[in-house]
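Notes follow once the structure below has been shown.
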Amino acid sequence: MSNDRSEPDTRSPRFLLNGNGSSFDSDIGPVGQQLERLSNTERKNYRNANAEFIARSEADRLLIVAGPGSGKSYLFLARIRHWLAVDGASRVYVSSFVRKVVIDLKTDVASQLQDDDVQRVTVSTLHELARSILERNHGASGHRLGPHISIVTGDWMKVVWADAQAFHAELGPEYSLKSVEKQFHEDEFADSDNWPDLLETYFRLSRFYNAVGFPDMIALARRAVDDDPTLVSHSHWIIDEFQDFNSSENHFVQTLTARANGVLIAGDDEQALYQELKSSLREIIISYYEDDQYANAMLPYCSRCGYWICLAAAGFMATQRPETSIEKIYLPLEIDEDQPKVRVIATSTPSAAVDYIKKFVEDHRADLDAHVDKMIAGEETDPFLLILNPKRQASFYKTSGADAQLMEWLAHWAPVSSGRSADYRRVAAYCTAVGLSSDNYVLRRVLHYEGLTNEQVHPLIERALDERLSLSQIESEPIADALRKCFQVSSVMADHTLSFEERVRALTELIHIADSKSLIAEIEVHPMQGGIWAVEEEGDEAVETAGALSPVEMLTMVGSKGLSSQHVIVIGCDDVNMNNVSRLTFFVAMTRARKSLYLITSLQTEGSTREHQYIGEIPEACCDFAVYKKTGRILEAHGDRVSWSSAISTWTWIATQNKKRSPSRRGRRTR
């Protein structure tokens, strides 16, 4: 492996590339100090020169350590150009499991490379790649699948797993969907007497449905490539967001790149979020950093976050950084002390916090309207305002109905663009069951829509498997009724003498439709050709679509991964609701913000009494502290953290005294 550590200009900070695979531990401090002293112009020049230097490295295996907003896309494009230039036969695959990242990368490749070069570059999610391999290989050895493989997502995975469990009714609750998904993610399978039989039943159903779930898709695709390496036709690979890969995905990538001429993996161990969701391991990217077969490189400047936001996030992570973390430099690209500091806000009630959010939008309405116009024109894909919370719903704001107020207000902000709604998918399933009557998975979904329980469906599945028939070939009253319903729905959708409104009105008399108005608009924009929404189209959407985003969007902190926003408001920053949020998750939430970041602590949220400790770990110099009073809509500034925290303590004391003075219902006497 080449050693790219030296540069001609020894007076400048050295470029952050260790071609011999060594770590940056020994000189990260001195280089960081040099980079911190650079002017804005010098920072931008260094950022670009460092990225170009890394992109032209002769290393065939390269790890990029890159914090939030540090310019990975710029580096990826530079590396792609380098590979295409030095190897006329090269074909490049760029992949991430974050859908929004993939969409942005596709746009960059299409707009910034020459047409001939664009044809040599493929960008997709990791699951889209896995599905493509399974389609081309018709499954894997011992697990043959037909064309047009369906993707089992979300709650449908629960349905399919329940179908498998129905064949093993004697097994207990420990044989859960969560348990089997964990085994797929970790690429380690239980060897007890029952698990192998249950997994074999699940795979048998997978073949029957011609469908795969997200966890098993990766394992099956890796098996397919092991059997036939020619399924991999790309010579160079870029894999992003590697800190959130699990063992199964890591093994898949190793199999894909075993014969590659060039590999670049990128990520940041301090942005690892999905340990619970999919058993990801930040230790995986750390192990690559410690592997001298990979050259190590680093992008030190953040161009996304404002000056104070970047310093606040970096300072927060530095307070209790784990010893195993990769030492890194994370500095704002532009020094601008006039930019707004992180606003740390306290309210005495959740309803006051909701009012503060509403007031924020009112104060920024002109900018928001301009942002909406850009989203409609396709010039902007991120929200204007992200409201991030610790939980899936803001139910911790339920005091005085504040959560309902917030959700009702957010409902006014419809997504600018959307994937397919649940109503659309329901109609599509009925129509597709007519056009593809042998598709067992589609008909299984229709039976679920028709209200049949797993216990009612199980004998039908068992009979179909035993007699080697499709579900539609089984003579059964429930199936016959379901198919009749499918023909009725399909006939309505194919009747072009009816307006879209009339079709949806007729559909509501046949099947459950949750939102008729939205469905009318959706089928007008996305008509089902011939009454059928192809199964492969739904599969593509499942593994690729980023989903609907509103100009004003509320998400969980974890769900904001891959996004950024002009403004970010983090709610629930208290001693109760933030307790299950990791330091890494809070860091990611902070670094979604471009222009402004607001951290709101509200009392009376499920027993909260003060701010969360994370607030105290943000450098005070990066923050402005204030309390917001709904009456009069007054924002009262506090000069320092102590004064601000004292105001919260006073509110808590007053609330406690009021409770003591208020007689309990049980102690009241009636007269």
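For reference, each letter of the sequence shown is one residue, going 49 to 719 in my numbering.
No residue lacks a Cβ here, since even glycine has one placed at the ideal position from N, Cα and C.
Could you please give me the residues that DSSP links to asparagine 437 through a beta bridge? The residue labelled residue 437 in the question sits at position 389 within the sequence shown. For asparagine 437, the pairing in a beta bridge is given by DSSP as Thr604.
Entirely within the stretch 469-540 and at least 4 residues each: give me those alpha helix (DSSP H) ranges in chain order. Listed in chain order, the complete alpha helix (DSSP H) runs (minimum 4 residues) inside the stretch 469-540 are 470-483, 488-497 and 502-515.
Within this structure, are the beta carbons of alanine 272 and isoleucine 181 separated by less than 7 Å? Numbered from its first residue, the sequence shown carries residue 272 at position 224. Numbered from its first residue, the sequence shown carries residue 181 at position 133. Contact flag set, yes.
Please return the same chain residues whose Cβ sits closer than 6 Å to the Cβ of phenylalanine 290, not counting the five positions on each side in sequence. Within the sequence shown, the letter at position 242 stands for residue 290. Same-chain partners within the cutoff: Ile313, Gly315 and Ile333.
Does the count of Cβ pairs from the stretch 658-667 and the stretch 610-627 closer than 8 Å reach three? yes
Should valine 140 and valine 169 be called a contact, given that it needs their Cβ atoms to be closer than 7 Å? Start at 1 with the first residue of the sequence shown, and residue 140 comes out as number 92. Start at 1 with the first residue of the sequence shown, and residue 169 comes out as number 121. Against a cut-off of 7 Å, the Cβ pair of valine 169 and valine 140 comes out as a contact.
Whose CA, out of Tyr322, Asp276 and Trp701, lies closest to the CA of glutamine 652? If you number the sequence shown from 1, residue 652 lands on position 604. Closest by alpha carbon: Trp701.
Should phenylalanine 673 go down as buried or exposed, given a rule of 16 or more other Cβ atoms within 10 Å for buried? Working through the sequence shown from its first residue, we reach residue 673 at position 625. By the neighbour-count rule (16 or more Cβ atoms within 10 Å), phenylalanine 673 is buried.
Every unbroken beta strand (DSSP E) within the stretch 167-194, with a cutoff of 3 residues, ordered by chain: 169-173
Grouping DSSP H, G and I as helix and E and B as strand, with all else coil, what is lysine 376? Residue numbering aside, residue 376 sits at position 328 when the sequence shown is read from its first letter. Coil at lysine 376, not helix or strand.
Output yes or no for whether 7 Å exceeds the beta carbon distance between alanine 212 and leucine 279. Reading the sequence shown from its first residue, position 164 is the one you call residue 212. Reading the sequence shown from its first residue, position 231 is the one you call residue 279. Against a cut-off of 7 Å, the Cβ pair of leucine 279 and alanine 212 comes out as no contact.
In whole angstroms, give me the CA-to-CA distance for isoleucine 357 and arginine 532. Position 309 of the sequence shown, counting from 1, holds the residue named residue 357. Position 484 of the sequence shown, counting from 1, holds the residue named residue 532. Answer to the nearest angstrom: the Cα atoms are 59 Å apart.
In terms of residue numbering, what span does the alpha helix (DSSP H) encompassing glutamine 231 cover? The residue labelled residue 231 in the question sits at position 183 within the sequence shown. Taken as a continuous stretch (DSSP letters only), the alpha helix (DSSP H) holding glutamine 231 covers 225-234.
Who are the Cβ neighbours of glutamine 614 in its own chain at under 6 Å, not counting the five residues just before and after it? Position 566 of the sequence shown, counted from the start, is the residue given in the question as residue 614. Cβ neighbours of glutamine 614 beyond the five flanking positions: Phe432, Arg642 and Lys643.
On the DSSP bridge list, what partners appear for cysteine 350? Taking the first residue of the sequence shown as position 1, residue 350 is located at position 302. Beta-bridge pairing links cysteine 350 to Pro380.
Short of 8 Å in beta carbon distance, which residues of its chain neighbour arginine 474, apart from the five on each side in sequence? Order them along the chain. Counting from one through the sequence shown, the residue named residue 474 turns up at place 426. Result list for arginine 474: Tyr497, Ile559, His560 and Ile561, in chain order.
Confirm, please, whether the CB-CB distance from leucine 454 to valine 402 is below 7 Å. On the sequence shown, position 354 is the one that residue 402 refers to. On the sequence shown, position 406 is the one that residue 454 refers to. Yes, Cβ-Cβ distance for valine 402 and leucine 454 is below 7 Å.
With three or more beta-carbon pairs closer than 8 Å as the criterion, would you say the stretch 284-298 touches the stretch 321-329? Contact between the stretch 284-298 and the stretch 321-329 is present, because at least three Cβ pairs lie under 8 Å.
On the CB-based measure, 16 or more other CB atoms within 10 Å of its CB, does aspartate 73 come out buried or exposed? Taking the first residue of the sequence shown as position 1, residue 73 is located at position 25. It is exposed - the Cβ of aspartate 73 has fewer than 16 other Cβ atoms within 10 Å.
Spatial distance of aspartate 288 from serine 240 (CA atoms): Locating residue 288 in the sequence shown gives position 240, where the first residue counts as 1. Locating residue 240 in the sequence shown gives position 192, where the first residue counts as 1. Going by the C-alpha atoms only, they are around 36 Å apart.
Round the Cβ separation of isoleucine 435 and isoleucine 405 to the nearest angstrom and send it over; I've been treating them as touching at under 8 Å. On the sequence shown, position 387 is the one that residue 435 refers to. On the sequence shown, position 357 is the one that residue 405 refers to. With a Cβ gap of about 7 Å, isoleucine 435 and isoleucine 405 count as contacting.
Cβ neighbours of valine 583 in the same chain (closer than 7 Å, five flanking residues each side left out): In the sequence shown, residue 583 corresponds to position 535, counting from 1. Low per-residue confidence applies at valine 583: pLDDT is 49, beneath 50, and the placement is therefore not dependable, though the value from the model is reported in the following sentence. Excluding residues within five positions, the ones whose Cβ falls inside 7 Å are His196, Ser198, Thr480, Leu484, Asp487 and Val490.
Buried or exposed: which applies to threonine 573, given that a residue is buried once 16 or more other Cβ atoms fall within 10 Å of its Cβ? As a first step, residue 573 must be located in the sequence shown, where it is residue number 525. It is worth fixing the name first, because residue 573 is valine in this sequence and not threonine. Classification of valine 573: exposed, given that the 10 Å Cβ count is below 16.
Enclosing beta strand (DSSP E) for phenylalanine 673 [first to last residue]: In the sequence shown, the residue the question calls residue 673 occupies position 625. Run containing phenylalanine 673: 671-677, per the beta strand (DSSP E) assignment.
Look at the alpha carbon of threonine 649 and the alpha carbon of alanine 400, and state the distance between them as a whole number of angstroms. As a position in the sequence shown, residue 649 is number 601, starting the count at 1. As a position in the sequence shown, residue 400 is number 352, starting the count at 1. Taking the straight line joining both Cα atoms gives about 11 Å.
Sub-7 Å separation of phenylalanine 63 and asparagine 98 beta-carbons: Along the sequence shown, one-based indexing puts residue 63 at 15. Along the sequence shown, one-based indexing puts residue 98 at 50. Cβ distance < 7 Å, so phenylalanine 63 and asparagine 98 count as in contact.
Is phenylalanine 237 buried or exposed, if buried means 16 or more other CB atoms sit within 10 Å of its CB? Counting from 1 along the sequence shown, the entry for residue 237 is found at position 189. Its Cβ having fewer than 16 others within 10 Å, phenylalanine 237 is exposed.
Minimum C-alpha distance to alanine 107 - residue among Phe145, Glu176 and Leu65: Within the sequence shown, numbered from 1, the residue matching residue 107 stands at position 59. If we check each option's Cα against that of alanine 107, Leu65 comes out closest.
Grab the span of the beta strand (DSSP E) containing leucine 611 for me, first residue to last. Mapped onto the sequence shown, residue 611 falls at position 563. Careful: leucine 611 lies outside any beta strand (DSSP E) and carries neither H nor E.
Pick helix, strand or coil for asparagine 66, following the three-state DSSP scheme. Mapped onto the sequence shown, residue 66 falls at position 18. In the structure shown, asparagine 66 sits in a strand (DSSP, three-state: E or B).
So does the stretch 369-385 actually touch the stretch 342-351, counting three or more Cβ pairs closer than 8 Å? yes
Which parts of the stretch 82-121 are runs of the alpha helix (DSSP H), unbroken and 4 residues or longer, counting only runs that do not cross its ends? 88-103
Determine the closest residue to serine 383 out of Val636, Leu86, Lys439 and Met626, with distance taken between C-alpha atoms. Here residue 383 is taken as the residue at index 335 of the sequence shown, counted from 1. Note that residue 383 is isoleucine in the sequence shown here, rather than serine. When only C-alpha atoms are compared, the closest one is Leu86.
For glutamate 427 and valine 690, I'd like the C-alpha separation in whole angstroms. Position 379 of the sequence shown holds residue 427. Position 642 of the sequence shown holds residue 690. Rounded to whole angstroms, glutamate 427 to valine 690 spans 43 Å at the Cα level.
Say whether the stretch 605-614 touches the stretch 493-507, bearing in mind that this needs 3 or more beta-carbon pairs closer than 8 Å, one atom from each stretch. Touching, no, given that fewer than three Cβ pairs across the two stretches are closer than 8 Å.
Can you tell me whether DSSP reads isoleucine 128 as helix, strand or coil? Within the sequence shown, numbered from 1, the residue matching residue 128 stands at position 80. Note: isoleucine 128 maps to helix in three-state DSSP.
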